[in-house]
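These notes are about the structure you will find just below.
There are 2 protein chains.
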Amino acid sequence: MSSEPTAAVAAAEHAQHLLLGLFLIIASAKLLAEVFERLRQPAVVGEILAGVLIGPYVLNWVQPSEISHTLSEIGVILLLFSVGLETKPAAILQVGKTATIVAVLGVALPFVGGWGLMELRGASDIESMFVGTAMVATSVGITARVLAGMGLLGATSSRIILGAAVIDDVLGLLVLAVVASLAEGSTDFVKIGITAAVSLAFVAGVALLLAPMMTRHAPRLGANVRISHAAFVGSIVLCLGLAVAASWIGVAAIIGAFLAGMAIAEVSEGNHELHDQIRGVTEFMVPFFLVNIGMQLKLDVFADAHVVLLALAITVIAVITKLVGCGIGAWGLGLRGAAQVGMGMVPRGEVGIVVAQIGLSMGVISAELFGVVLFMAVATTLIAPPFLKPLFAGTKA
Amino acid sequence: MSSEPTAAVAAAEHAQHLLLGLFLIIASAKLLAEVFERLRQPAVVGEILAGVLIGPYVLNWVQPSEISHTLSEIGVILLLFSVGLETKPAAILQVGKTATIVAVLGVALPFVGGWGLMELRGASDIESMFVGTAMVATSVGITARVLAGMGLLGATSSRIILGAAVIDDVLGLLVLAVVASLAEGSTDFVKIGITAAVSLAFVAGVALLLAPMMTRHAPRLGANVRISHAAFVGSIVLCLGLAVAASWIGVAAIIGAFLAGMAIAEVSEGNHELHDQIRGVTEFMVPFFLVNIGMQLKLDVFADAHVVLLALAITVIAVITKLVGCGIGAWGLGLRGAAQVGMGMVPRGEVGIVVAQIGLSMGVISAELFGVVLFMAVATTLIAPPFLKPLFAGTKA
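These protein sequence lines are chains A and B, in that order. In my numbering, each residue's number is its place in the first sequence (first place is 1) plus 53. In my numbering, each residue's number is its place in the second sequence (first place is 1) plus 53.
In structure tokens, the structure reads:
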């Protein structure tokens with residue numbers, strides 16, 4: 054019976070290890086956020102760097118796991134939900150035309166840029182297309198957090214960025230579907246067409262039907278519910294429900310969460326209790342998302358100078374193509390507005406990382422190329438916020 | 054390359070499966086909570102029954118996993134934190150003497166009762182002691198939630214229950230340490246003594262030193278922090294930090310979380326924004342704890358009539374010994390007060406389940422006995438709330 058106490062000790066150590074991980078993630082994220090705020094840099098960069106610091110490639114205090122991945126996924130869903138909560142459908146519809154042009158150009162240029170560079174280096178067609186795809190989708194979470202921190206989510210450029218990011222996410226997932234189909238040697242154009250149509254119907258359905266319905270009926274429904282904090286509970290259930298619905302119809306879950314927030318944006322306006330409750334759960338979960346991004350920056354593939362050069366080249370192309378593509382799309386706002394929109398669309402973050410992970414798991418990109426795409430995703434995320442603050446300084450909310 | 058799309062599909066299905074699980078847990082918990090509120094039964098029973106319903110032994114929509122276990126653990130930690138937040142140290146010290154007597158009698162009687170019944174049935178000494186131990190520790194979360202829902206956390210009986218549950222948890226873990234040591238054939242009395250002394254010092258240190266320090270210095274500290282929602286972030290970091298510290302010194306993590314809440318109870322009074330933010334994250338996470346309890350009720354071991362009879366006998370003894378033991382301890386409050394305290398201490402919930410899991414993993418209790426203890430833990434949790442509401446009706450807050 055000498056091995057028996059080990060099981061009891063192991064269970065206690067597992068729980069302790071879990072709690073220590075949670076503590077280290079939140080405490081380090083907020084400590085570096087505070088340092089960055091004092092350096093007049095965006096807190097979000099500090100939270101990502103906290104992940105790099107405590108992650109497996111520097112201090113190795115916390116390792117990515119199924120748990121950290123899950124908490125990160127809940128974090129990004131709640132983040133997009135709270136971003137949606139600040140986004141009234143009418144405000145996005147006002148900027149719908151510009152947002153669409155921004156999104157289309159911001160998808161086309163980075164894809165061509167990434168694909169072209171890889172083809173010039175002699176990579177296979179599939180590898181080239183996967184790198185191009187990883188450079189397509191903007192991770193609006195980072196930009197939204199910076200803008201929310203400045204109280205500028207309502208500015209015209211912000212609404213164009215948020216609207217374009219929604220459209221761009223849908224376009225990016227369509228590109229991924231096409232490239233993944235090509236990687237298996239088939240192209241089912243009917244299936245791709247159906248996914249596109251359903252996605253658009255989902256977005257339009259929430260913006261044009263669900264949002265007005267919520268505004269009209271939610272207060273009466275809420276008054277008939279007996280459980281406490283019914284508005285908050287209802288909001289969370291709607292958020293998770295639309296996230297599940299989105300992933301069912303083949304769109305990213307975060308789009309569903311964003312749309313859920315948008316659906317109740319108007320009816321929840323001025324409900325401070327509800328907003329504080331949502332802010333509580335968001336503030337608790339979002340650090341897991343940001344730290345998880347930082348933890349995935351693998352440092353040892355960069356011992357090879359060729360990998361470093363390629364990573365830098367891909368990052369430069371990722372920044373320039375998005376900046377120029379989206380900037381041209383938003384030219385009507387003037388030079389400053391175009392620069393705001395272009396820079397706001399630069400971060401690729403977790404969407405690029407997800408594409409890279411799919412490519413790796415399909416065996417169509419190498420470990421080094423995975424490192425390069427990861428570098429690009431994190432670097433674009435780190436590059437944008439320091440430029441966003443001065444670009445948006447003095448902008449009216 | 055025909056297996057490649059499978060990987061991409063598997064990743065998407067994994068994320069979708071996770072989100073669907075989260076949605077089902079929260080939605081079913083809140084739906085049954087609403088049903089129970091309308092039946093004038095405690096919502097908490099509905100949330101546990103939701104777990105039984107969607108769990109592997111009835112509908113099998115959601116299976117317990119490392120993820121659900123982790124979310125449940127975060128849930129119970131935040132629950133005890135928010136309970137601590139309603140508990141001012143001065144109020145617990147006022148009831149310290151009664152709480153200590155309630156805790157000691159509420160540990161001794163159930164242990165002797167469970168141990169005695171098993172010995173009479175001819176079980177081994179170790180098996181008997183493990184069942185006794187699983188019947189010791191009160192799971193105050195359930196009672197606290199019922200009382201919080203009635204706005205009665207400040208009542209004398211409530212404060213005795215909360216205080217006694219803290220002491221009783223410490224005593225219960227000491228009993229577990231002794232029994233686990235005996236199970237491996239050794240008794241290190243020095244080590245047990247040290248654990249006891251350190252635990253007591255931890256509780257006293259937070260109540261007598263940290264709480265007054267927070268009240269004096271926290272507002273000035275908070276004013277110097279630049280990150281947004283500093284009070285909330287600081288509270289969460291303190292909660293996780295003390296939970297880790299507690300588990301390091303060998304006390305249950307939930308005690309650390311409870312003490313963290315207690316430490317800032319006074320300084321946070323009247324800060325509605327902070328309270329709403331903490332309520333948001335608590336309301337989001339606690340359903341995972343309650344549903345997880347329900348999901349662990351394994352139904353198929355109860356096909357054997359002997360197991361059913363034993364489970365009922367153990368449950369009856371668990372209820373009576375706690376009711377009588379704690380009731381005698383609180384006799385000074387009169388019959389109604391004694392009944393309130395006794396019934397409030399009846400739920401064993403997750404603490405009994407943890408003891409059973411340790412016994413099972415140490416190989417000293419059988420799968421059937423594990424089922425019996427699980428039944429007792431869930432049944433005591435279900436039995437108490439319907440009695441608590443009428444017992445506390447009309448009590449002054």
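Every residue gets a Cβ at the ideal spot worked out from N, C-alpha and C, and that includes glycine. In this text, all values refer to a predicted model and were calculated from it rather than measured experimentally.
| Check | Outcome |
| --- | --- |
| Contiguous alpha helix (DSSP H) assignments of at least 4 residues, all confined to the segment 118–180 of chain A | 119–138, 142–147, 149–173 |
| Contiguous alpha helix (DSSP H) assignments of at least 4 residues, all confined to the segment 285–323 of chain A | 306–316 |
| Classification of residue 218 (chain B) by the beta-carbon crowding that lies within 10 angstroms, buried from 16 upward | buried |
| Residue 311 (chain A) to residue 354 (chain B) span [Cα, whole Å] | 45 Å |
| Distance between residue 130 (chain A) and residue 177 (chain B) (C-alpha atoms, nearest Å) | 51 Å |
| Residue 87 (chain A) beta carbon less than 7 Å from that of residue 317 (chain B) | no |
| Contact belief for residue 98 (chain A) with residue 352 (chain A) at Cβ below 8 Å, rounded distance in angstroms | Not quite, the Cβ-Cβ distance comes to about 18 Å (not below 8 Å), so this is no contact. |
| Which listed residue (B:319, B:83, B:137, B:149) has its alpha carbon closest to that of residue 296 (chain B) | B:137 |
| Beta-carbon neighbours of residue 79 (chain A), restricted to chain B and to distances below 9 Å | 286, 289, 290, 293 |
| Rounded C-alpha distance that separates residue 417 (chain A) from residue 368 (chain B) | 58 Å |
| Minimum Cβ-Cβ distance from residue 259 (chain A) to chain B less than 7 Å | no |
| Beta-carbon proximity list for residue 54 (chain A), same chain, < 8 Å, skipping 5 on both sides | Bear in mind that a pLDDT of 35 at residue 54 (chain A), under 50, signals an unreliable position, so the number given afterwards is only what the model happens to contain. Answer for residue 54 (chain A): no residue qualifies. |
| Cβ neighbour criterion (16 or more within 10 Å) applied to residue 345 (chain A) | buried |
| Reduced DSSP secondary structure (H/G/I, E/B, other) of residue 431 (chain B) | helix |
| Chain-ordered neighbours of residue 123 (chain A) on chain B, where CB pairs are closer than 7 Å | 71, 120 |
| Closest Cα partner of residue 66 (chain A) within the set B:357, B:300, B:415 | B:300 |
| Chain-ordered neighbours of residue 322 (chain B) on chain A, where CB pairs are closer than 7 Å | Those within 7 Å of residue 322 (chain B) in chain A number zero; the least Cβ separation is about 16 Å. |
| Cβ contact (3+ pairs, closer than 8 Å) linking the segment 391–408 of chain B and the segment 354–363 of chain B | no |
| Residue 380 (chain B) beta carbon less than 7 Å from that of residue 371 (chain B) | no |
| Residue nearest to residue 401 (chain B) in terms of C-alpha spacing, selected from B:268, B:442, B:185 | B:185 |
| Residues near residue 437 (chain B) in its chain [Cβ-Cβ closer than 6 Å; skip 5 each side] | 396, 399, 400 |
| Cross-chain neighbours of residue 76 (chain A) in chain B, by beta carbon under 8 Å | 290, 293, 294, 296, 297 |
| Close beta carbons around residue 121 (chain B), own chain, < 6 Å, minus the five adjacent residues each side | 345 |
| Secondary structure, alpha helix (DSSP H): runs of 4+ residues fully inside the segment 375–400 of chain A | 387–397 |
| Residue 54 (chain A), DSSP secondary structure in three states | With a pLDDT of 35 at residue 54 (chain A), under the threshold of 50, the predicted position of this residue should be treated as unreliable, and no value is reported. |
| Alpha-carbon to alpha-carbon, residue 327 (chain B) and residue 206 (chain B) | 19 Å |
| Contacts of residue 300 (chain A) in chain B (Cβ-Cβ under 8 Å) | 65, 68, 69, 72 |
| CB contact flag (residue 200 (chain B), residue 211 (chain B), <7 Å) | yes |
| Neighbouring residues, chain B, relative to residue 96 (chain A) (Cβ below 9 Å) | 279, 280, 281 |
| Where residue 331 (chain B) meets chain A, residues with beta-carbon distance less than 7 Å | 333 |
| Residue 291 (chain A) versus residue 268 (chain A): straight-line alpha-carbon distance, rounded | 14 Å |
| Assigned secondary structure, residue 349 (chain B) (DSSP; H/G/I helix, E/B strand, else coil) | coil |
| C-alpha gap between residue 309 (chain A) and residue 96 (chain B), whole angstroms | 29 Å |
| Same chain only: Cβ atoms within 7 Å of residue 275 (chain A), ignoring 5 sequence neighbours per side | 283, 284, 287 |
| C-beta neighbour in chain B for residue 337 (chain A), strict 7 Å | yes |
| Closer than 7 Å to chain A by CB, residue 87 (chain B) | yes |
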